[in-house]
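Data first, discussion second: the structure below is written as structure tokens.
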Amino acid sequence: MKVSTEWLGDYISLEGVATEELADQITSAGIEIDGVERRNKGLSGIVVGYVKSKEKHPDADKLNVCVVDAGQGEDLQIVCGAKNVAAGQKVPVALVGAKLPGLEIKKAKLRGVLSQGMICSAKELGLNDKLLPKEQQEGILVLPENTQIGQDILNVLGLGDEVMEFDLTPNRSDCLSMIGAAYEVSAILGRDLKLPDPAAELVEAGGPAAELAGAKIESEDQCTHYALRYISGVKPAPSPLWIQNRLMAAGVRPINNIVDITNYVMLEYGQPLHAFDADKVAGGVLGVRLARVGETLVTLDGQERKLEPHMLVIADAEKAVALAGVMGGQETEVTAETVNIMLESARFDGGTVRKTSRQLGLRSEASLRFEKEVDPNAVIPALNRAAALIARYAGGSVHEGVVQAGGAGVQEKILTLSLEKLNNYLGTQLSLLEVKTLFNRLHFKCGDAAQGVIEVQVPTRRGDITADVDLIEEIARLYGYDNIPTTLIEGVTTPGALSREQSVRRELRKLLASGGYQEVMGYSFIQPEQSKLFPALHQGHHAVKLAMPMSEERSVLRTTLIPQLLDIALYNSNRRQSDLALFEIGNIFFSEAEELKAQPQEHPVLGLLLTGSQAAKQWNGTVRPVDFFDIKGALEAVFAYLGLADRIVYEGDAPQDYHPGRSASVYLLGAQGRLKLGTVGQVHPELTRKLDLEDTYVAELLLQPLYDHARTSLQYSELYRFPGMERDIAVVVGSEVPAGHLLAAIREHGGTLLQNAQVFDVYTGGKMESGKKSVAISLLYRHTERTLTDEEVGEVHDGVVAALEQTFGAELRK
Amino acid sequence: MRLPAERFVGVEIYKWIEGGRTKVMKEKLEALKVEALAKLQEVTDPQTLNDLRVKYLGKKGELTEVLRGMGGLSAEERPVIGQVANLVRSAIEDVIAVKQEAFVQQETQARLQAEKVDVTLPGRALPQGGLHPLSRVIREIEDIFIGMGYKVAEGPEVETDYYNFEALNLPKNHPARDMQDSFYLTEDLLMRTQTSPVQVRTMLEMNGETPVKIICPGKVFRRDDDDATHSFQFHQIEGLVIGRNIRMSDLKGTLQQFVSEMFGPNTRIRLRPSFFPFTEPSVEVDVSCFKCGGDGCRLCKQSGWLEILGSGMVHPNVLRAGGYDPEVYSGFAFGMGVERIAMLKYGIDDIRNFYINDMGFVKQFKGI
């Protein structure tokens with residue numbers, strides 16, 4: 019809302035308050051002032067002149083030589099190129115030495131003729147193009163005949179004005195009006211208001227309006243008050259300059275006196291008004307109803323609108339003539355020929371207006387105000403104010419009485435506020451007197467306070483105030499937030515903490531980051547195609563789609579983190595950063611039902627990606643490409659850290675979209691059997707080829723099972739006091755036999771004496787028979803209580819070897 | 567080296583009596599010593615030194631050879647000659663030891679010289695991972711509030727209309743609930759537009775107990791076109807405190823403590839009235855610019871202040887939705903955008919960087 023300080027001065031004295039200073043005060047009281055605009059864009063030395071005569075320039079077809087009386091004592095000779103200049107006009111004259119935006123006027127000869135100044139157009143005076151009335155958009159600005167010669171143009175056009183831009187929060191629609199703004203400024207400055215008294219200004223003439231017009235409401239849910247005044251004998255013409263100036267200051271384009279006055283009063287009261295050409299209203303009756311199926315209306319902008327049954331219209335006896343609260347119809351529009359008008363002021367339902375204006379893409383100053391609900395007690399005053407102005411500036415007779423439907427008076431709310439609650443709520447120690455003084459400044463009437471409880475009467479213009487806390491806010495903002503003390507919470511202290519899940523997640527982040535993995539963050543939305551990649555971590559579940567995605571690329575909730583990790587890898591390798599170790603922790607989404615009815619399942623997941631070389635190229639080392647065992651090593655580190663290493667099983671079952679020979683599903687063993695945690699391995703070479711990526715390894719694990727099973731209680735175990743005994747074996751087995759199975763068998767048969775078994779070599783080819791491999795394993799035996807003898811170890815070890823021979827047909831290599 | 571003659575006075579008498587054998591052996595030993603020492607004197611390499619050691623002192627060495635002749639000596643003579651032989655041996659050994667030590671020293675010197683490295687060449691890299699900058703900022707904020715006695719609460723990214731709007735005092739026809747501004751999945755389900763629904767969920771879980779002191783970090787979603795300052799996905803951290811007699815002045819104190827820890831002890835706050843449906847009164851919170859200290863700079867657009875938080879006293883309707891009687895309990899809530907704070911703190915000028923994940927960007931955020 020643009021608030022002209024010149025206009026504001028009608029209601030409240032701003033004497034001694036600089037506009038910038040006022041803007042700061044308004045901002046700190048709750049309405050942000052976005053800026054202060056000076057309407058004067060750098061003019062000086064421009065006065066009103068009277069064109070006494072106009073003659074053709076002797077040497078130039080398009081130029082005229084004018085003699086102008088600009089109140090300077092002597093007449094001025096001015097050469098002017100505008101087509102519309104004529105003798106008898108009052109015009110703005112830039113005298114020699116005058117300043118215009120980017121221009122200084124000097125005495126000059128134009129084609130040999132002396133010119134002592136310049137006759138100016140509206141644009142040259144720095145007026146906003148878009149706000150100029152049509153007749154002022156070209157040629158010089160012609161001022162009304164009664165304008166006084168020699169007067170400074172700044173005064174004539176109201177260019178001394180400074181305009182504050184109110185950036186209103188949705189609750190403060192009361193300030194979508196000059197009077198609302200005046201109330202706010204009055205509360206801030208503590209100065210009196212003087213408001214118009216439309217009922218007193220209005221002089222009724224002619225017969226009763228009810229004989230000429232009727233009003234009715236057919237849909238009471240969408241309209242609670244519909245009021246009309248009948249004005250006859252109007253003379254549409256340009257408005258007086260002061261109205262035009264104020265409209266332009268408010269960002270509204272002047273059109274003619276009737277329309278300008280409805281706009282002016284809308285800006286003044288916040289109550290939108292509409293004028294119908296009464297002679298084009300069939301039956302003389304205007305009613306409010308919902309649109310009929312298939313109904314159309316040509317709106318003021320000349321467009322035919324298809325109406326829907328939820329839209330509210332104003333209709334005459336025959337058809338819809340206006341979209342209620344949004345835009346008038348072309349047929350009943352006020353034109354230069356209009357003689358009689360029906361002036362409408364009403365209270366339409368905000369939600370209905372909003373829906374209609376959004377659907378039709380028609381947002382107007384009127385719809386903006388109706389959407390936020392208008393003050394029910396402004397409907398009639400605004401109507402009367404406009405009628406009075408029209409009678410005065412457009413020459414009509416306002417017929418007797420308001421024709422209306424609905425409009426049962428809305429009572430001002432009375433809220434009670436406890437002084438104790440107010441002070442407890444804010445942490446202040448305000449006295450009753452201080453609080454009442456502040457309400458007084460807001461023009462909220464206060465009753466006598468009984469036992470510290472104040473009754474506060476809230477004006478209907480402040481529809482945002484519905485509860486005592488709203489009153490507390492009013493007090494707080496006027497008292498000033500800076501004046502509220504700074505305290506700390508009293509009462510019991512609470513221990514702050516992370517939950518188990520949060521702690522584990524943090525540890526994982528630290529572990530992976532210190533192990534060389536860089537954390538990344540993707541979007542929760544992916545492409546539909548991407549959601550089909552990689553094995554679903556929950557079988558049989560469905561991906562979840564956005565109803566109205568912004569793009570196909572981000573239209574499905576992610577079911578896996580891997581596709582975006584691949585995107586990130588591609589982005590980086592295209593920028594010569596191709597040695598990558600990435601991780602992300604984030605949620606994936608699934609729906610159990612095909613059609614989403616309830617909130618989908620959200621699962622926290624860890625994703626890893628590894629590609630390129632294991633370390634950067636170095637002067638003193640060899641560069642090795644990463645492989646399956648690098649990424650598996652990262653998972654092993656995670657499991658070891660969480661105390662789960664012994665309960666993890668890898669199964670090379672060729673999960674979807676992985677290299678079938680270099681991938682595995684990962685399981686957690688538990689009392690209830692095994693639980694699938696996720697997958698690990700090389701991305702299928704076909705897929706990486708399509709994506710234009712080098713060999714890439716990824717892993718994805720569900721985190722909830724890790725959160726649930728992570729070891730969180732650490733327990734000391736005694737250090738070894740007796741030496742262990744190491745036995746290395748090498749066994750030849752079929753090349754398909756998984757080493758993990760050999761180790762599992764060794765652990766099973768090694769009993770309590772076997773402390774550790776690890777593979778230290780795998781050998782195939784060469785002298786090895788084809789289809790066979792040799793696996794070398796180092797076993798460590800140890801007893802916690804004593805030194806083991808060769809015989810003891812030998813017995814267990816022979817058992818282990820025998821088990822390998824029996825189970826896997828292993829041959830011991832000698 | 568000469569043996570002291572006086573020690574042999576008695577021996578010489580004896581020798582004179584016993585004849586020349588002893589004298590001969592002694593002379594031989596003496597000659598051996600003189601020769602050995604002379605040769606050792608000239609040794610310049612460890613190999614020759616070793617050869618000489620073997621030549622004189624080895625099992626078949628010359629000293630042993632001389633001593634073999636001791637078989638013909640009487641029982642009285644043997645210790646005398648033995649003593650002389652030992653003296654000769656130790657004299658030679660001493661010289662060898664000195665020589666040997668010198669050679670070890672030389673060798674060490676040579677090795678040190680040979681092993682010299684160019685210390686200016688780079689070391690072998692430790693693997694360098696790191697946290698995403700948003701993770702870092704969230705962790706930092708969490709830690710500050712944990713230190714102030716808060717718990718961390720989290721909730722689903724897909725919310726119901728009820729928790730995301732209605733329970734937060736945004737009625738059905740509120741403009742913020744427009745399909746145009748949020749990512750709906752169905753009429754009733756949407757991507758949460760704020761982390762505030764976690765507040766209501768937590769209140770209900772607390773089942774009327776107080777105090778409630780939580781912060782809620784998480785991803786939120788709005789239908790904004792991405793540009794340098796907008797992202798359809800971003801992170802928020804909300805805080806909520808509910809108890810008896812929680813005051814607006816407590817909110818001021820809490821936020822002051824937070825910004826002092828987050829942005830430095832001299833950071834001040836400024837509250838400006840504002841409007842949020844879920845708080846009343848509502849305030850925007852500015853902090854004094856931590857770059858210029860409030861004098862005005864590019865970061866704060868010369869204003870001296872940075873807008874970082876929205877907050878206020880919890881609206882009675884929200885308390886009711888969470889199961890708390892607004893006549894008995896009160897509370898405050900605050901919320902901040904993690905990306906915005908990260909951008910201000912690290913001087914980042916484009917929000918899209920957080921989700922592009924260029925290694926050049928995400929790897930920058932290391933340090934304390």
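Here the protein sequences come in this chain order: A and B.
Sequential numbering from 19 applies to the first sequence in our numbering.
Sequential numbering from 567 applies to the second sequence in our numbering.
Here a beta-carbon is modelled for each residue, glycine too, at the ideal position from N, C-alpha and C.
Everything numeric in this text was worked out from a predicted model, so none of it was measured.
Go through its chain and collect everything with a Cβ distance to residue i's Cβ below 7 Å, but skip five positions before and after it.
i	result
L720(A)	L555, H621, V623, L695, G696
F366(A)	Q240, C241, L330, A342, G343, F388
L325(A)	A309, E313, T314, L315, V331, A338
P723(A)	L686, L693, L695
L595(B)	V632, V650, A651, V654
K650(A)	V698
V392(A)	G288, Q289, R365
Buried or exposed, going by whether 16 or more other CB atoms sit within 10 Å of the CB of residue i?
i	result
A820(A)	exposed
P394(A)	buried
S22(A)	buried
K74(A)	exposed
E905(B)	buried
N774(A)	exposed
M902(B)	buried
Q469(A)	exposed
V299(A)	buried
I764(A)	buried
N773(B)	exposed
P645(B)	exposed
F608(A)	buried
Short check: CB of residue i to CB of residue j, under 8 Å?
i	j	result
V131(A)	V83(A)	yes
Q582(A)	G630(A)	no
V766(B)	Y729(B)	yes
F696(B)	E537(A)	It should be pointed out that residue 696(B) corresponds to Gly in this sequence rather than to Phe. Yes; because the gap between Cβ atoms is below 8 Å, this pair is in contact.
R813(B)	N501(A)	no
Q802(B)	T845(B)	no
T280(A)	A404(A)	yes
A762(A)	L662(A)	no
A104(A)	K72(A)	yes
Report, in whole angstroms, the separation of the C-beta atoms of residue i and residue j, which I expect to be a contact under 8 Å.
i	j	result
W25(A)	M182(A)	That pair is no contact at about 11 Å.
L606(B)	V661(B)	5 Å
L629(B)	R587(B)	Not a contact, Cβ separation roughly 18 Å.
V880(B)	I808(B)	7 Å
P546(A)	S573(A)	6 Å
P831(B)	G533(A)	So it is not a contact: roughly 35 Å between Cβ atoms.
F900(B)	F856(B)	Incorrect: roughly 18 Å between the Cβ atoms, too far for contact.
N274(A)	G176(A)	With a Cβ gap of about 19 Å, N274(A) and G176(A) do not count as contacting.
A245(A)	S363(A)	5 Å
E219(A)	V416(A)	Contact flag wrong, Cβ pair sits at about 11 Å.
Got a sec? Which residues, its chain only, sit under 8 Å from residue i by beta carbon, not counting five neighbours each side?
i	result
V303(A)	A231, G232, A233, K234, D334, A335
F740(A)	R800, H801, T802, E803, R804, T805, L806
I583(B)	Because I583(B) carries a pLDDT of 49, less than 50, the predicted location of this residue cannot be relied on, and the following value inherits that uncertainty. Excluding sequence neighbours, I583(B) sits near nothing in its chain.
I712(B)	V718
Y622(B)	L598, A602, E628, L629, I658
Taking 6 Å as the limit between beta carbons, can you name the residues of its chain near residue i, skipping five residues before and five after?
i	result
D675(A)	L551, F552, H702, L705
P567(A)	S573
Q) Taking only runs of the beta strand (DSSP E) that begin and end inside the region 88 to 130 of chain A, which ones reach a length of at least 3 residues, in chain order? A) Entirely contained in the region 88 to 130 of chain A, the beta strand (DSSP E) runs reaching 3 residues are, in chain order, 94 to 98, 108 to 118, 126 to 128.
Q.
To test your reading of the DSSP string, which unbroken alpha helix (DSSP H) runs of 4 or more residues are found completely within the region 795 to 859 of chain B?
A. Restricting attention to alpha helix (DSSP H) runs no shorter than 4 residues, the region 795 to 859 of chain B encloses them at 814 to 829, ordered along the chain.
**Q.** Ranges of the beta strand (DSSP E) found wholly within the region 471 to 515 of chain A, counting only runs of at least 3
**A.** Restricting attention to beta strand (DSSP E) runs no shorter than 3 residues, the region 471 to 515 of chain A encloses them at 471 to 476, ordered along the chain.
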